[in-house]
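Line by line, the protein sequences give chains A and B.
The first sequence begins at 1 in UniProt numbering and counts up one residue at a time.
The second sequence begins at 1 in UniProt numbering and counts up one residue at a time.
Every residue, glycine too, gets a C-beta built ideally from N, C-alpha and C.
Protein chains: 2
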Amino acid sequence: MDGRSAATRVDGDDDELLPLRRLEISDHAKGFVDLLSQLSPSSTPLSDADFRARFADLAALGDDHLIVVCEDRVSGRIVATGCVFVERKFLRGAGKVGHIEDVVVDASARGRHLGQRVVRYLTDYAKAAGCYKVILDCSIELRSFYEKCGFKEKDIQMALYF
Amino acid sequence: MDGRSAATRVDGDDDELLPLRRLEISDHAKGFVDLLSQLSPSSTPLSDADFRARFADLAALGDDHLIVVCEDRVSGRIVATGCVFVERKFLRGAGKVGHIEDVVVDASARGRHLGQRVVRYLTDYAKAAGCYKVILDCSIELRSFYEKCGFKEKDIQMALYF
Numbered sequence: 001m002d003g004r005s006a007a008t009r010v011d012g013d014d015d016e017l018l019p020l021r022r023l024e025i026s027d028h029a030k031g032f033v034d035l036l037s038q039l040s041p042s043s044t045p046l047s048d049a050d051f052r053a054r055f056a057d058l059a060a061l062g063d064d065h066l067i068v069v070c071e072d073r074v075s076g077r078i079v080a081t082g083c084v085f086v087e088r089k090f091l092r093g094a095g096k097v098g099h100i101e102d103v104v105v106d107a108s109a110r111g112r113h114l115g116q117r118v119v120r121y122l123t124d125y126a127k128a129a130g131c132y133k134v135i136l137d138c139s140i141e142l143r144s145f146y147e148k149c150g151f152k153e154k155d156i157q158m159a160l161y162f
Numbered sequence: 001m002d003g004r005s006a007a008t009r010v011d012g013d014d015d016e017l018l019p020l021r022r023l024e025i026s027d028h029a030k031g032f033v034d035l036l037s038q039l040s041p042s043s044t045p046l047s048d049a050d051f052r053a054r055f056a057d058l059a060a061l062g063d064d065h066l067i068v069v070c071e072d073r074v075s076g077r078i079v080a081t082g083c084v085f086v087e088r089k090f091l092r093g094a095g096k097v098g099h100i101e102d103v104v105v106d107a108s109a110r111g112r113h114l115g116q117r118v119v120r121y122l123t124d125y126a127k128a129a130g131c132y133k134v135i136l137d138c139s140i141e142l143r144s145f146y147e148k149c150g151f152k153e154k155d156i157q158m159a160l161y162f
């Protein structure tokens, strides 16, 4: 995207110029996977067939999985995304938990509260889906960002890489 | 796929008296939900219909969701459990991540390495399912336990309760 055009925009216009919506198959050509690669250095481009296959896997989860994207209407590129999946449990009276994953805002589109809008969209979705809580893992550097979104630090994340 | 074969390797007599296997509907009557209530004070008993409904929800996820239980053959009670679900991503070349949740060992059965056996079973399962990593959230007090299971502290968990 063109950072100069972004600079000329007024803040209040962002809802119209940068609307949030569900991921669509056509977003592959709009840089969705490129955007994710800003999140994980090990990300690699996907073939169109692999993209469609993964899209179908996730669509089969129905309302229990949502990927939201923000398309810049000027550049036609995906500049922010995040996802939430709903985990169905036996505890808490067969309760549900929302897991937020893979929130990223394009480096050129930062400073416009897009991240907060994405996180709010996902938390609202989890709440409407009947989750009793929504959780996510992040680096310590992102704690204050998520605190602004209403989250509190609770536990630690442990990882085992294969 | 079958992750069970991985768990049958484990040492000692406990293998026979305390075998690990997938959750079955009949485990409701063997105290499975009671065991989970040791994990979350807000857990409540489930009716048989609610248990079956949740069981069916999870069975529909196929190999992407596994609940393992340990039934004490002497008492006929479920004394340990844990679950893992496989998240399918677009990043890392359409990679997969295993999420471990709800690991608990009955207070009366601790000190017999059941927790480690459960975690090993779940991590073996995630690896065999093609995950590039397996992650979990826990309190700081459990860090050394999970380090013994091969995990490393990585990030922080943030939570928002509704």
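Environment of residue i [buried if 16+ CB atoms lie within 10 Å]
i                 : result
Phe46 of chain A  : Checking the sequence, you will find Leu at residue 46 of chain A rather than Phe. It is buried - the Cβ of Leu46 of chain A has at least 16 other Cβ atoms within 10 Å.
Ala59 of chain B  : exposed
Lys89 of chain B  : buried
Val74 of chain B  : exposed
Arg110 of chain A : exposed
Leu17 of chain B  : exposed
Ala80 of chain B  : buried
Glu71 of chain B  : buried
Ala94 of chain B  : buried
Neighbourhood of residue i by C-beta, 8 angstroms cutoff - its chain only, sequence neighbours within 5 removed
i                 : result
Glu135 of chain A : Glu is not the amino acid found at residue 135 of chain A; the sequence shown has Ile there. Excluding positions up to five away in sequence, the list reads Val97, Gly98, His99, Ile100, Lys154.
Leu66 of chain B  : Gly3, Arg22, Cys83, Val84, Phe85, Leu122, Tyr125
Leu61 of chain B  : Phe85
Asp11 of chain B  : The predicted position of Asp11 of chain B is uncertain, since its pLDDT is 45 and thus under 50; a value taken from the coordinates is nonetheless stated next. So the list is empty, once near-sequence residues are dropped.
Ala129 of chain A : Asp63, Asp64, Val86, Lys96, Gly98
Gly150 of chain A : Thr123
Glu141 of chain B : none
Sequence-distant residues of its chain with Cβ nearer than 6 angstroms to residue i (five each side left out)
i                 : result
Ser43 of chain B  : Leu36, Ser37
Phe32 of chain B  : Ile78
Ala159 of chain A : none
Lys152 of chain A : none
Nearest to residue i (by Cα), restricted to the options the options
i                 : options                                : result
Arg117 of chain B : B:Gly130, B:Lys133, B:Phe145, B:Tyr132 : B:Phe145
Ile156 of chain A : B:Ala94, B:Arg143, B:Leu160, B:Cys70   : B:Arg143
Tyr161 of chain B : A:Ala56, A:Lys133, A:Asp106            : A:Lys133
Asp34 of chain A  : B:Leu20, B:Pro19, B:Arg92, B:Cys149    : B:Arg92
Asp64 of chain B  : B:Gly150, B:Cys149, B:Glu141, B:Lys127 : B:Lys127
Pro19 of chain B  : B:Ala107, B:Asp57, B:Arg112, B:Ala56   : B:Arg112
Ala56 of chain B  : B:Glu24, B:Lys152, B:Ser108, B:Lys148  : B:Glu24
Asp106 of chain B : B:Lys152, B:Phe151, B:Val69            : B:Val69
7 angstroms Cβ shell around residue i - same chain, five flanking residues per side excluded
i                 : result
Val103 of chain B : Gly82, Gly115, Val118, Val119
Leu39 of chain A  : Asp102, Val104
Glu138 of chain B : The residue asked about is misnamed: residue 138 of chain B is Cys in this sequence, not Glu. Once the five neighbours on either side are set aside, the close Cβ partners of Cys138 of chain B are Tyr146.
Gly76 of chain A  : Lys30
Cys131 of chain B : Val86, Lys96, Val97, Gly98
Lys148 of chain A : Gln116
request  = Decide yes or no for the touch test of the region 24-35 of chain A against the region 49-62 of chain A: beta carbon pairs closer than 8 angstroms, at least 3 of them.
outcome  = yes
- Unbroken alpha helix (DSSP H) runs of length 4 or more, entirely within the UniProt domain "N-acetyltransferase" (18-162) of chain A: which are they? 32-36, 48-59, 91-94, 114-128, 143-148
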